[in-house]
Amino acid sequence: MPTSLIQPEFLVEIDYDKCHKCGRCVQQCGWGVYSFNERPFPDDSKCRACHRCVTYCPAHCIKIKKNDLALRDNANWSPELRKNVWRQAESGGVMLTGMGNDKPYLKIFDHLVLDACQVTNPSIDPLREPMELRTYLGRKPDSVGVESNGKGGYKLKDGGGVSNNIKLDTPIIFSPMSYGSVSLNVHKSLAMAAERLGILMNTGEGGLHADLYPYGKNVIVQVASGRFGVSPEYLNRGAAIEIKVGQGAKPGIGGHLPGEKINKEVSTTRMIPQGSDAISPAPHHDIYSIEDLRQLIYSLKEASGYKPVGVKIAAVHNVGAIASGIVRAGADYVYLDGFSGGTGAAPAIIRDHVGIPLEIAIAVVDQRLRDEGIRNQASIIAAGSIRSSADAAKAIALGADVVAIGSASLMALGCHLCQGCHTGCCSWGLTTQKPELTRRVDPEWGAERLTNLVNAWSHELQEILGALGVNAVESLRGSRERLRAVGLDQQTCEILGVKPAGL
Amino acid sequence: MNASIRAAFEDGAKTIVLNYVNGQRYIGTGLHGRDLRIEVHGTPGQDMAMFMDGPTLEVFGNAQDGVGNTMNSGKVIVHGSAGDVLGYGMRGGKVFIKGDVGYRVGIHMKAYEDLRPIMVCGGKARDFFGEYMAGGLLVLLGLNSRLEGPLVGGYLGTGMHGGTIYIRGEVEPWQCGKEVGVFSADETDMAELTPVLKEYCEDMGLDLDEVLSVPFTKLVPVSHRPYGKLYTYL
Ligand code: SF4
Ligand code: SF4
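Protein chains in written order, with my numbering: chain E, 729 to 1231; chain R, 533 to 766.
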């Protein structure tokens, strides 16, 4: 019997006439595709099309092609479904995968367009006029008082009530990715870029490595159910603390970093023994209600000298009511993670089928908080496949204060979306702990690329604001009148609070 | 109140006595410093000694939920009963409870280098005792309980992948998670356990010989990788 019914997904073709026989492809591949015997020999079945070898081949003689083996057409049983049945019949296991949902669901952002100024209400030229992207993350007061400035004039009381808010120079921050799921050099790149950009990175649930302590004021520290790396010191290092309840890629599912990835450094940062599994189930066993959540929010504030505390949840049905509870429990921000969000590892079946689109979640949460008159009490961070500055602008127009980028930031560091993160063999040195691979990311180089990306998107945001005739991103927030839907059904438009184009 | 406790310690106080405590939360939460001591008379509120790193807290009364939540080091002594989720994610230090404890006690306890959490509960415990335990020592004595029903509830040690649980007396197979191996504590085990029980008895004013008069059951995880074979890679 054959050991496997599954054929290779890609075919690696080498033009041996051009090949220098230098062996670089062998070194570069993290998946072990190549062997070398006077010249490189690829094993197609191991290729994930991450293009590391293609990028580094000095002779440009490697081609990676889709293996277009014809399977009889069947509109019901896609080739992928068939392969998955064969795979699971072989292994008996839950299929684990990396990165975000790759299924062709309707992408609502792509069915929303932004309005623009024409004759009567002129646009603004962002190259000549000041354009404000500054955003304050955190709880705003219900009313703003004034007090005497001692010189016969007035000033805002308590700095306008935003004194414990976090100032962001642009409304784009980095999503939580744990040290463990990504390498330390990735964390360093993110932290350095966050500092330069005046924004935030997020530790994810893996703790904060001591090398990142100096970047504390640009770091959100996460507290997940496993409480990995969570100590008083850790809480005090961060600018804000985030309770992770859910994640868009795997709502209702916890994290599990297998023991073989817990090397010395990861073990130190997570404060667990080397080689033991790091299991953080979805429920925090001290949170079974909104009251319990409130308890934890205030414990964290108490232990950290009243830092802002946010709560991260996955976009799910009824998210409006959930977010309202979170805000009433005292959270300074709600982090909404949508259906297409990335992950280091998730059961494919959960990633691809559980949760709701981010766009809907932002709209209903913003609306619910407005209806209840508590929108000012918390900021909304939206994440889960923000792919461009246009997605960011649309998310903000739907009601978000800030967007967070994860997959896009990994792509800035070389990720080719090969979806093999869960294997720990990432050829680009991102989602791996193998020293020979992690050293491929130089933090200085990484920080520069991340800074470039966020700066570029920020410029584009300014252009968009200019086109809309507003000069501050604050004015775009929740401004759904500036969005129109193309090709969305009436009900979706109503939920989004967006009119169809033409009206 | 917690702000004044912190301020008093910063001003050089070493011991603080709190009288007439009635439900005040977060006592000792986030507090650090080895030689600090708080005496609590009354019933403190939830999340006492959460994230605590060093101090000693002694409660003359009962305690509520979340004692020692994610605690790093230090010691908590409760001369009464306590509620649910005690020692959740606890990484080091000691929590000694004289009486009964509730549900989800010792969940996710873990160890790290020389940090090794120890929790001893004097009475009975409800379900999920030691669930997902990843390190440290969790002990249940079943003495002087005021609760009906068995010594410990179901799901004992479910998902456990590190550490040791000792139960004074026996447990039924239905009570245990399938991730644990159940053994009678032998001499080596008792050599590990006795100093802990001695300290506990001294703090609680109990008789060590009486505590040791019943044989102990030992629970340890069958595997450090309980979910290692669950997945296939896509
Ligand atoms: S890297 Fe390119 S040139 Fe070098 S051995 Fe591989 S295929 Fe040949
Ligand atoms: S991070 Fe690495 S393994 Fe994951 S998708 Fe990107 S290139 Fe592939």
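Every residue gets a Cβ at the ideal spot worked out from N, C-alpha and C, and that includes glycine.
Can you pull the chain E residues whose beta carbon is under 8 Å from the beta carbon of PHE583 of chain R, in chain order? Stepping through the second sequence from its first residue, residue 583 of chain R is reached at position 51. Simply VAL958, SER959, PRO960, LEU963, SER1027 and ALA1031.
Would HIS915 of chain E be called buried (16 or more neighbouring beta carbons within 10 Å of its own) or exposed? In the first sequence, counting from the first residue as 1, residue 915 of chain E sits at position 187. Answer is buried; the Cβ neighbour count reaches 16.
Can you check whether the C-beta of GLY954 of chain E is within less than 8 Å of a C-beta belonging to chain R? As a working mapping, residue 954 of chain E is identified with position 226 in the first sequence. By this cut-off, GLY954 of chain E is an interface position.
Candidates E:TYR1016, E:ILE1015, E:MET920 and E:VAL910, of which the one nearest THR997 of chain E by Cα: Position 269 of the first sequence, counting from 1, holds the residue named residue 997 of chain E. Cα-wise, what sits closest to THR997 of chain E is E:VAL910.
Given that a residue counts as buried once 16 or more other Cβ atoms are within 10 Å of its Cβ, and exposed if not, what is TYR833 of chain E? In the first sequence, counting from the first residue as 1, residue 833 of chain E sits at position 105. It counts as exposed.
Quick check on VAL822 of chain E - is its C-beta less than 8 Å from some C-beta in chain R? Reading the first sequence from its first residue, position 94 is the one you call residue 822 of chain E. With 8 Å as the cut-off, VAL822 of chain E counts as an interface residue toward chain R.
Environment of TRP1245 of chain E [buried if 16+ CB atoms lie within 10 Å]: The shown model of chain E, from 729 to 1231, leaves out residue 1245 of chain E, and the question about it has no answer.
Per-residue contacts from VAL743 of chain R into chain E (C-beta, under 7 Å): Translated into positions along the second sequence, residue 743 of chain R becomes position 211. None at all; the shortest Cβ gap to chain E is about 29 Å.
Would a C-beta distance cut-off of 8 Å place GLY1127 of chain E and VAL1182 of chain E closer than the cut-off? To locate residue 1127 of chain E, count along the first sequence from 1; it is residue 399. To locate residue 1182 of chain E, count along the first sequence from 1; it is residue 454. Cβ atoms of GLY1127 of chain E and VAL1182 of chain E: not closer than 8 Å.
Euclidean distance between Cα positions of ILE742 of chain E and GLY621 of chain R: As a first step, residue 742 of chain E is located in the first sequence; it is residue number 14 there, counting from the start. As a first step, residue 621 of chain R is located in the second sequence; it is residue number 89 there, counting from the start. Taking the straight line from one Cα to the other gives about 52 Å.
Check the C-beta distance from GLY976 of chain E over to TYR1026 of chain E and give it rounded, since I have them as a contact under 8 Å. Residue mapping note: residue 976 of chain E aligns to position 248 of the first sequence, counting from 1. Residue mapping note: residue 1026 of chain E aligns to position 298 of the first sequence, counting from 1. Rounded, the Cβ-Cβ distance is 26 Å, inconsistent with contact.
Just to confirm my understanding: we take ARG867 of chain E, look at its own chain, exclude 5 residues before and 5 after, and list those with CB closer than 7 Å. What are they? As a working note, residue 867 of chain E is residue 139 in the first sequence. Non-local beta-carbon contacts of ARG867 of chain E in its own chain, meaning distances under 7 Å to residues more than five positions away in sequence, involve ASP1060, GLN1105 and ALA1106 in chain order.
Which residues, taken in chain order from the stretch 573–601 of chain R, show a beta carbon closer than 7 Å to some beta carbon of chain E? Residues passing the 7 Å Cβ filter: GLN578, ASP579, MET582, PHE583, ASP585, GLY598 and ASN601.
Could you compute how far the alpha carbon of PHE628 of chain R sits from the alpha carbon of LEU670 of chain R? For the purposes of this step, residue 628 of chain R is taken as the residue at position 96 of the second sequence. For the purposes of this step, residue 670 of chain R is taken as the residue at position 138 of the second sequence. Answer to the nearest angstrom: the Cα atoms are 10 Å apart.
CA-to-CA distance, GLY681 of chain R to VAL951 of chain E, given in whole angstroms: By 1-based counting over the first sequence, the position of residue 951 of chain E is 223. By 1-based counting over the second sequence, the position of residue 681 of chain R is 149. A straight-line Cα-Cα distance of about 36 Å links VAL951 of chain E and GLY681 of chain R.
Can you list, in chain order, the residues of its chain whose CB lies under 6 Å from that of ALA1200 of chain E, leaving out five sequence neighbours each side? Walking along the first sequence from the start, residue 1200 of chain E turns up at place 472. Cβ within range, chain order: GLU860.
Using a Cβ distance threshold of 8 Å, determine whether the stretch 934–946 of chain E contacts the stretch 575–588 of chain R, with at least three qualifying pairs required. Fewer than three Cβ pairs drawn from the stretch 934–946 of chain E and the stretch 575–588 of chain R lie within less than 8 Å of each other, which leaves the two stretches out of contact.
Do ILE1018 of chain E and SER1004 of chain E have their CB atoms nearer than 8 Å? To locate residue 1018 of chain E, count along the first sequence from 1; it is residue 290. To locate residue 1004 of chain E, count along the first sequence from 1; it is residue 276. No, the Cβ-Cβ distance between ILE1018 of chain E and SER1004 of chain E is not below 8 Å.
Helix, strand or coil for ALA1110 of chain E? Go by DSSP, reduced to three states. As a position in the first sequence, residue 1110 of chain E is number 382, starting the count at 1. Note: ALA1110 of chain E maps to strand in three-state DSSP.
Among E:GLU961, E:LYS1029, E:SER1052 and E:LEU1064, whose alpha-carbon lies nearest the alpha-carbon of VAL1044 of chain E? Against the first sequence, residue 1044 of chain E aligns to sequence position 316. Here the closest residue by C-alpha is E:LEU1064.
Closest to GLY709 of chain R by CA distance: which of R:LEU688, R:THR696 and R:ALA723 is it? Numbered from 1 along the second sequence, position 177 holds the residue referred to as residue 709 of chain R. When only C-alpha atoms are compared, the closest one is R:LEU688.
Is any beta-carbon of chain R found at less than 8 Å from that of PRO736 of chain E? Your numbering for residue 736 of chain E matches position 8 in the first sequence. For PRO736 of chain E, the answer is no, since every Cβ of chain R falls outside 8 Å of its Cβ.
List the residues that DSSP assigns as beta-bridge partners of ALA666 of chain R. Taking the second sequence and counting its residues from 1, one reaches residue 666 of chain R at position 134. Per DSSP, R:GLY694.
Under the rule that 16 or more other beta-carbon atoms within 10 Å means buried, what is TYR732 of chain R, buried or exposed? For the purposes of this step, residue 732 of chain R is taken as the residue at position 200 of the second sequence. That one is buried.
When every heavy atom of ligand 2 is checked, does at least one fall within less than 7 Å of the C-beta of GLY932 of chain E? Position 204 of the first sequence, counted from the first residue, corresponds to residue 932 of chain E. Result no, Cβ not under 7 Å from ligand 2.
Keeping to the same chain, check which residues put their C-beta closer than 7 Å to that of SER876 of chain E; ignore five residues upstream and five downstream. Here residue 876 of chain E corresponds to residue number 148 of the first sequence, with the count starting at 1. Same-chain partners within the cutoff: TYR882.
Length-filtered (3 minimum) beta strand (DSSP E) runs lying within the stretch 957–1013 of chain E: Runs of the beta strand (DSSP E) lying entirely within the stretch 957–1013 of chain E and spanning at least 3 residues, in chain order: 968–972, 983–985 and 1006–1008.
Any chain E beta carbon closer than 8 Å to LYS642 of chain R: As a position in the second sequence, residue 642 of chain R is number 110, starting the count at 1. Output row for LYS642 of chain R: interface = yes.
Using the Cβ count rule (16 or more neighbours within 10 Å means buried), how would you classify ILE969 of chain E? Counting from one through the first sequence, the residue named residue 969 of chain E turns up at place 241. It is buried - the Cβ of ILE969 of chain E has at least 16 other Cβ atoms within 10 Å.
Leaving out the 5 sequence neighbours to the left and right, which residues in its chain are closer than 7 Å to GLU742 of chain R when beta-carbon positions are compared? For the purposes of this step, residue 742 of chain R is taken as residue 210 along the second sequence, with counting starting at 1. Same-chain partners within the cutoff: there are none.
Tell me which residue opens and which closes the beta strand (DSSP E) that ASN551 of chain R is part of. Translated into the one-based positions of the second sequence, residue 551 of chain R becomes position 19. Here the beta strand (DSSP E) through ASN551 of chain R covers 547–554.
Evaluate contact between the stretch 632–643 of chain R and the stretch 655–667 of chain R, counting only Cβ atoms and requiring at least three cross-stretch pairs below 8 Å. Verdict: yes, contact present.
Which residues does DSSP pair with LYS794 of chain E in a beta bridge? Taking the first residue of the first sequence as position 1, residue 794 of chain E is located at position 66. Answer is E:PHE738, bridged to LYS794 of chain E.
Name, please, each residue of chain E whose Cβ falls closer than 7 Å to the Cβ of LEU762 of chain R. The residue given as residue 762 of chain R occupies position 230 in the second sequence. GLY821 and VAL822, listed in chain order.
CYS789 of chain E versus E:VAL1055, E:ARG767 and E:LEU1211, residue with shortest Cα-Cα distance: Mapped onto the first sequence, residue 789 of chain E falls at position 61. Taking only the C-alpha atoms, the option nearest CYS789 of chain E is E:ARG767.
Could you name the residues of chain R that SER909 of chain E contacts, counting a contact when the two beta carbons are closer than 9 Å? Here residue 909 of chain E is taken as the residue at index 181 of the first sequence, counted from 1. Result: empty, since nearest Cβ-Cβ is about 15 Å, beyond 9 Å.
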